[in-house]
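According to our numbering, the sequence shown is numbered sequentially starting from 174.
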Amino acid sequence: MLRKTSLRAFFSAIFLSITFFVPGFCSSAVLLDRVVAVVNKEVITWSDLYKMMESEASEQVKSLSDQERVKIFKENEALFLEKLIDFRLQIQEARRLGFEVSHREIAEAVENIRKKYSLSEETLRESLKQEGLSFEEYKTRLGEQLLLSQVINQQIRNKVVVSDDEISKYMQANRQLLNDGETFRIRQIFFKKPQDESGKKGIEEKALIVMQRLKAGEDFAVLAREYSEDPSASQGGDLGHIRKDLMAKEFIDRLKEMKQGEFSEPFWSDRGLHILMRDEKKDSRKPDELREDVRKQLAEERFREKYSSWIKGLRENARIEVRL
C-alpha cells in the first residue's frame, strides 16, 4: 500500500463520515445505530462515534477478534465522544461567525497533500478507498479542518500577544532556570493516574494502542492531541525546553537512553502514565534564541489558556445531551 502509514497520520486528525459496519455486531448498520449525543440540535450517532474509533485503530487492533476490539472501543467511548462534541461545537461556532472555506482552498489543500506525500490523484483516491473514504467525503472533512483552523487562528491565536517587557520580566525572574545546565525539548502523551489500582489496566491498554500506532509510523503530535490528558495535548504534547536537573528521575532515566526523534516505552510516575518523545537537546542557548524560546513558551501558554476557556464557553452556551 503506497504511503498508507504516512497518510494515516494525516487522516487521524479528521473525523470520518462513512458507511459503517462493525463485524460481529449486526449485518445492518441501520439496526444498531442510535443517538449518543445531541449538540445544539445536531445529532451524533453511535455509528459516528465508532466510525472515528474504527478508522483510527491500528492494524494490530483491527486484527483482533471482534470481542477484543469492541472491548477496547467500549472503554474509549466516553473519551472519543467528548472530543467529537468539542469538534462539532467548534465547527458550529465557525459557521455561526460566517467563516467559509472555498472549493479553491480545498483543492489547493488536496494538491499540497498530494505533493507532500508524492501521490498522483489516482494513488490518493486508492489510498482513500482503502481507508473506507470516498474522495468527496475526504474533501468535506478536509474543508472542516480548514474551517476549524481559520476560526481558531482568528478568534484565539492571532489575539495572543507577548510583549518585549513580559519576556524581559520572565527572563529576569527565571534567570537561573533559563541559563543553567543542559535542557531537553520533549513531547509527552500522558494518562492521569486512576483513583484505584483496578483502573491501571484500562490505562495501560490505551497506552498499548498508542504505542502500536507510533511503531506503525504515525505522528507523535497527532496522537498526543488525540489521547493525552495533559494540557499540552492541544500543542501535540510539546512541553518546551526543560532543564535536566529539574526533571523527575523517571524522565531523566528514559531521556538519557533516547536519541532525537525517538520515543519511550510507557512508564508510570506518581502522577500517571507517560510516553515521551525527545525533540532536541541543548547545552546552552544564545540570548536571541533564548528570548525567542521564551516568547514562544509564553505565547503557547497563553494560547492554551484562551483555547481551553473558549471551549469551556462554547460548552456552557450550548445545549449538550449525552446518551451513552
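Glycine residues also receive a C-beta, built at the ideal position from the N, C-alpha and C atoms. Computed from a prediction, not measured in an experiment: that's the story for all the values here.
Starting from residue i, trace the beta strand (DSSP E) in both directions and tell me its first and last residue.
i	result
G413	411-416
Tell whether a beta-carbon distance below 8 Å holds between residue i and residue j.
i	j	result
R360	M450	yes
I245	I340	no
F272	Q323	yes
E489	A210	no
R427	S437	yes
L412	S405	yes
F476	I329	yes
H414	T356	yes
L319	A282	yes
L301	Y311	yes
L252	V335	no
E473	Q408	yes
I425	K417	yes
N213	R492	yes
L321	I279	no
R261	I217	yes
R358	E453	yes
K429	E402	no
D259	I484	yes
Run the CB neighbour count on residue i, radius 10 Å, all protein chains shown included, and call it buried at 16 or more, exposed below.
i	result
C199	With a pLDDT of 38 at C199, under the threshold of 50, the modelled position of that residue is not reliable, and the figure given next carries that caveat. By the 10 Å Cβ count, C199 comes out exposed.
A267	buried
G410	buried
D221	buried
R398	buried
A380	buried
H447	buried
Q327	exposed
L257	buried
R242	buried
Q345	exposed
F393	buried
E377	exposed
L487	buried
R444	exposed
R348	exposed
R386	buried
Does the Cβ of residue i lie closer than 7 Å to at least one heavy atom of the ligand COA?
i	result
K214	Only the bare structure without any ligand can be found here, which leaves the ligand COA out of the picture.
Which residues does DSSP list as the beta-bridge partners of residue i?
i	result
E215	V212
V440	Note that residue 440 is Phe in the sequence shown, not Val. Bridge partners of F440: H447.
Consult DSSP for residue i and reduce its assignment to one of helix, strand or coil.
i	result
V274	coil
E494	strand
K365	strand
G486	helix
D452	strand
R360	strand
L446	strand
S434	The sequence shown places Gly at residue 434, not Ser. Note: G434 maps to coil in three-state DSSP.
S405	helix
R477	helix
G390	coil
A282	helix
R464	helix
C199	Note on C199: pLDDT 38, under 50, position unreliable in the model; no value is reported.
E355	coil
D206	coil
K379	helix
S236	coil
E306	The sequence shown places Leu at residue 306, not Glu. In the structure shown, L306 sits in coil (DSSP, three-state: anything other than H, G, I, E or B).
S220	helix
K469	helix
K459	coil
Could you spell out where the alpha helix (DSSP H) holding residue i opens and where it closes?
i	result
Y343	337-346
G372	From DSSP, G372 is part of no alpha helix (DSSP H); its letter is neither H nor E.
I329	Per DSSP, I329 belongs to no alpha helix (DSSP H) and is neither H nor E.
H300	Contrary to the premise, residue 300 reads as Ser rather than His in this sequence. Looking at the DSSP string, the run of the alpha helix (DSSP H) that includes S300 is 294-303.
R398	393-400
D259	239-269
K422	422-428
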